[in-house]
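Visitor:
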Amino acid sequence: MVSEVFGSVHQHKLGDLSKEEAWRFECTNERKNLTLVEIGKEIVRKCGGVPLAIRSVGSLLHLKRTEDEWMYFKNQELSNITRGGNDLMAILRLSYNYLPRHLKICFAYCSLYPKDFKLRIFDLITMWIAQGFIQATSSSRDNVEDVVNSYFVDLLRRSFFQETEEHESFMQFYKMHDLIHDLAKEFADRDFFSITKTEDTKVVPEQSLYASCLFQIDGSLAFPNSFYRKHMKLRTFIFLNRSSLDVLSISTLERMISSFTACASYI
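First residue of the sequence shown: 1, per full-length UniProt numbering; consecutive thereafter.
This is the structure in C-alpha cells:
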C-alpha cells in the first residue's frame with residue numbers, strides 16, 4: 001500500500017517542499033484508498049516537506065498495512081513532532097527505533113567511517129560477518145552471504161544509505177546522508193569510536209570494542225604502548241587511511257597486533 005501512496009524520493013539534494021508539492025512528489029495513486037491518502041498527507045505535513053524525512057517515514061509505513069496502523073503512527077509516533085528545530089532528527093530516531101536489534105548494531109558499526117565516506121557493499125558486509133553480527137536463520141537454504149546482503153538491502157530500503165555516482169568494476173558505492181551519519185554516531189555510544197587525530201588516542205573509552213583510525217599515522221610512533229594496555233577490550237581496529245599501512249614496518253604491525261590480545265579482527 002505504501003508504494004501506492006508514498007513513492008520514491010530521488011537521491012539528489014532537494015530543498016524543502018511545500019505541503020502540496022511534497023504530496024504530489026510522493027503520491028502516486030490517490031484513488032486507491034482515500035482515507036490512507038488523507039492520513040498520508042498529514043504525515044507528510046509533519047515531515048515539513050523534507051525529502052529525507054519523507055523517505056524515512058515512508059520506509060516505516062511500508063511495514064504497516066492498515067488504516068489503524070497508519071492512524072496510530074500519525075497520532076502517537078508523530079504527535080510530538082512539528083516543523084522546526086531538531087524535528088528531522090526526531091523523525092530519523094523513529095526510524096532507528098524501529099530497526100531490529102541485528103540491524104541496529106550493523107548501522108552503529110557504520111559510525112566508524114567518516115562522513116561522505118564511499119562504501120563498497122562487499123567491504124562493509126565482509127566486516128559485518130567478521131564481527132559476528134549475522135544471526136543464524138531457521139532455513140538451511142540461507143547462507144551467510146544471502147543473509148548479510150539482506151541486512152544491507154533492508155537498511156538501504158529504510159533510507160539509511162544512498163547511492164553515489166561512483167562505480168568500480170560494476171560495483172556500486174554507497175554513503176550515508178550527513179544526518180544519518182550523525183544518527184549512527186549518536187547511537188554508537190562508547191562501543192564504537194573514531195580516532196580522527198593523534199590527540200584522540202587519549203580519549204578513547206576503555207570499554208570501546210571497535211575503533212577506526214582516520215588519520216595518517218607516523219610509522220615510527222604509531223600508538224603508544226599505554227594505548228594497548230588501556231584498551232584490552234578492543235575487538236577490531238581499522239585503518240581507513242591506507243597510506244598509514246604503507247609507512248608501517250612489518251615489525252610495528254606485528255607489535256600492534258600482538259598488543260591487542262583481545263582483538264578478534266585487524267585490518
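Ideal Cβ placement from N, Cα and C applies to all residues, glycine included.
#1: Flag this pair as yes or no: are the beta carbons of Ser56 and Ser159 separated by less than 8 Å?
#2: If you drop the 5 nearest sequence neighbours on each side, which residues of the same chain put their C-beta closer than 6 Å to that of Thr35?
#3: Determine the DSSP secondary structure at Arg120, reduced to helix, strand or coil.
#4: Can you give me the C-alpha to C-alpha distance between residue 273 and Glu206, rounded to a whole angstrom?
#5: Could you check what DSSP says for Ser79 in three-state terms: helix, strand or coil?
#6: Identify whether Ser212 lies in helix, strand or coil by the three-state DSSP scheme.
#7: Where does Arg255 sit, in a helix, a strand or coil, going by DSSP?
#8: Looking at Met176: is its Cβ nearer than 8 Å to the Cβ of Cys106?
#9: Touching or not, the stretch 84-101 and the stretch 45-56, by the rule of three or more beta carbon pairs under 8 Å?
#10: Can the beta-carbon of Ala184 be found closer than 8 Å to that of Ala108?
#11: Between Val148 and the rest of its own chain, which residues show a CB-CB distance below 7 Å, the 5 nearest in sequence each way excluded?
#12: Out of curiosity, what's the CA-to-CA distance linking residue 269 and Met171?
#13: DSSP on Ser238, reduced to helix/strand/coil?
#14: Taking the Cβ atom as the reference point for each residue, do Tyr174 and Glu163 lie within a distance shorter than 8 Å?
#15: Taking the runs of the beta strand (DSSP E) that are 3 residues or longer, which of them lie wholly in the UniProt domain "Disease resistance protein winged helix" (112-184)?
#16: Nearest-angstrom Cα distance between Ser208 and Ile43?
#17: Whose C-beta lies closer than 7 Å to the C-beta of Val204 among residues of the same chain, with five residues either side of it excluded?
#18: Could you have a look at Phe107 and say whether DSSP puts it in helix, strand or coil?
#19: Would you identify the three-state DSSP class for Asp192, choosing helix, strand or coil?
#20: Let me confirm a value: Phe239 is counted as buried when at least 16 other C-beta atoms fall within 10 Å, else exposed. Which label applies?
#21: Terminal residues of the continuous alpha helix (DSSP H) containing Pro205?
#22: Given this structure, state the Cα-to-Cα distance separating Leu119 from Glu168, to the nearest angstrom.
#23: Measuring straight from C-alpha to C-alpha, what distance separates Glu165 and Lys46?
#24: Do you know how far the Cα of Asp191 is from the Cα of Ser251?
Guide: Once the coordinates are examined:
#1: yes
#2: Closer than 6 Å at the Cβ level, and outside the excluded window around Thr35, lie Glu67.
#3: Here Arg120 sits in strand by DSSP.
#4: The question about residue 273 has no answer here: the residues shown for the chain are numbered 1 through 267.
#5: coil
#6: strand
#7: Arg255 falls in the helix class under three-state DSSP.
#8: no
#9: yes
#10: yes
#11: Ile125, Trp128, Ile129, Ile134
#12: The shown model of the chain, from 1 to 267, leaves out residue 269, and the question about it has no answer.
#13: Residue 238 is actually Ile in this sequence, not Ser. Strand, per DSSP.
#14: yes
#15: 162-168, 171-175
#16: 39 Å
#17: Phe193, Ile195, Ala211, His231
#18: helix
#19: The sequence shown places Phe at residue 192, rather than the Asp named in the question. Here Phe192 sits in strand by DSSP.
#20: Answer is buried; the Cβ neighbour count reaches 16.
#21: Premise fails: Pro205 is in no alpha helix (DSSP H) and is neither H nor E.
#22: 11 Å
#23: 31 Å
#24: 28 Å
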